[in-house]
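Visitor: The sequence shown runs 1 to 50 under the UniProt record's numbering.
Quick one: the structure is below, questions incoming.
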Amino acid sequence: MSMTRVVPASLSVAGVGAVMGGTVLYVILSLVALIAMLLAARSLRLRAQR
1 MSMTRVVPAS LSVAGVGAVM GGTVLYVILS LVALIAMLLA ARSLRLRAQR
């Protein structure tokens, strides 16, 4: 009886953890991409000024 209650709970917890982890990874990757784009734009501007 207890096993049937514990398994779905652990699965839901694992699912929530996976979703949160994926969201954090997505946010970090998007921030890195934004920073890379800004750095590339800055370097291109410096080259254009020269």
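Ideal placement from N, C-alpha and C gives every residue a C-beta, glycine not left out.
Measuring straight from C-alpha to C-alpha, what distance separates G17 and L39?
Guide: Note on geometry: alpha-carbon atoms of G17 and L39 lie some 33 Å from one another.
Visitor: In whole angstroms, what is the alpha-carbon distance linking S10 and V24?
Guide: 21 Å
Visitor: Taking the straight line between their C-alpha atoms, what separation do you get for R47 and M37?
Guide: Straight-line Cα distance between these residues: approximately 15 Å.
Visitor: Measure the C-alpha to C-alpha separation of V13 and A41 and round it to an integer number of angstroms.
Guide: 42 Å
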